[in-house]
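These notes concern the structure reproduced below.
Residue numbers (the working numbering), protein chains in the order written: chain S, 1 to 241; chain Y, 1001 to 1241.
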């Protein structure tokens, strides 16, 4: 089944029935592929579709008039791309693939139809949106209140936990296609600063990011250091049986 | 009708039918009152309810171990308080009233039941949650990429637009119960810095915040200065007729 990542993710909130799974499967009709680094959704664009990410990574960002860029979040398999854009009529952000990606396109009308057929699925999608918002809140706290090393540590732990939920990571580590440039624009740090912070965390024996792989050398110590409390990711098991 | 603010707000997205209005009205069974400055929801708390704000202002925030506080957003009439907390099982943030507030309590089961009876209402609530997320994204960009004066200007314009939607503000201004201390914790500025920035904006003839009232002295110029593009608030009129 193509939507395994989404099923695993929503399954953390709702124990989906066979009928609900088949409605979810029905959303995966229009498969599309996009290449890395070519913009998928443009800030200010209207009438765009939402996508469910099947494989690969993407990121959402905003660009100010002076050219400064703030990366809001990265998307991994099982995540929606541009769900807000469909609901808000005009996209408040841009989306670009980090790697080549496979997605399925979801039209507003299909989503509404799926909600009508199974309200539990509507609640699960609202849960996923709430979780996305909780992550943006953490990124706000990150940039507003954490120093550079804590910020990086918190960010890598969050990615690790999200990837674990969809079977793409563990407390040992995860494959990570992000450049130092992308990390910097997400965390409000220069590339040089990113490099220095990663070296510091490695020398402290807590985490190593090398050759496209993040290794948690001391997961518990890193968690303590970053004050990382994963409850906001709400991965403790389904609330709705 | 008690939920006028929420009806006005959701009406910006969905033209609600009589039947949908009556389901929404049915959510307003348990009226409660809370006094200013006494915590309503505590970070880490579980099993709490969500609330719809009827009158007054509140704010959501996170506190780090070292005591630093980041205000995530302010809530005004028509907003949900703690909707994420209900869905995410454990609250990722705290909520405190700015003024005395009136709310109606909404249980998860009632919300699910309302979604089952009218999927369009589910979509409208998902829209409201998406809009909340879009605001947090703007706050992230604010703190990550805007200087203090732009940040304050953007924040006051956003509040003005939100209040206008529920009939509590206009392009002339709005009544505002926020202290400089609260403004500072939302914008990542000290109280002294808040004071200096407000004086600068006033001297530039763009906006005056005095005696609990924000007056837009030059709305268009302020909008240009802050690079405020209200499309992320999605108040252009209902998408779903």
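Beta carbons are placed, not taken as given, at the ideal position from N, Cα and C, and that holds for glycine.
Asked                                                                                                                                : Found
With which residues is residue 1062(Y) paired in a DSSP beta bridge?                                                                 : 1070(Y)
Under a CB-based cut-off of 8 Å, is residue 65(S) close to chain C?                                                                  : No chain C appears in this structure, whose protein chains are S and Y.
Note the first and the last residue of the continuous beta strand (DSSP E) segment covering residue 1106(Y).                         : 1101-1106
Tell me the residue span of the beta strand (DSSP E) that contains residue 230(S).                                                   : It is not in any beta strand (DSSP E) - residue 230(S) carries neither H nor E in the DSSP assignment.
What did DSSP end up calling residue 1115(Y) once you bin it into helix, strand or coil?                                             : helix
Just to confirm before moving on: does the CB-CB distance between residue 225(S) and residue 150(S) stay below 8 Å?                  : yes
Please list the partners that residue 1213(Y) has in chain S, where partner means a Cβ-to-Cβ separation under 9 Å.                   : Going along chain S, no residue has its Cβ under 9 Å from residue 1213(Y), so there is no contact; the nearest lies around 27 Å.
Which stretch, first to last residue, makes up the beta strand (DSSP E) that contains residue 214(S)?                                : 213-216
Assuming residue 143(S) contacts residue 1143(Y) (C-beta within less than 8 Å), just tell me the rounded distance between them.      : 5 Å
Just the chain S side, please: which residues come within less than 7 Å of residue 1057(Y) by C-beta, in chain order?                : None at all; the shortest Cβ gap to chain S is about 19 Å.
To the nearest angstrom, how far is it from the Cα of residue 1230(Y) to the Cα of residue 1164(Y)?                                  : 12 Å
Work out the CA separation of residue 198(S) and residue 1161(Y) for me, nearest whole Å.                                            : 41 Å
Determine whether the Cβ of residue 161(S) lies closer than 8 Å to any Cβ atom of chain Y.                                           : no
With residue 85(S) as the anchor, note down where its alpha helix (DSSP H) starts and where it stops.                                : 83-87
Got a sec? Which residues, its chain only, sit under 6 Å from residue 108(S) by beta carbon, not counting five neighbours each side? : 86
Given a cut-off of 8 Å, decide if residue 139(S) and residue 228(S) are closer than it, judged by their beta-carbon atoms.           : no
Does residue 1225(Y) come within less than 8 Å of chain S when only Cβ atoms are used?                                               : no
Whose CA, out of 94(S), 171(S), 219(S), 21(S), lies closest to the CA of residue 64(S)?                                              : 94(S)
In three-state terms, what does DSSP make of residue 1179(Y)?                                                                        : coil
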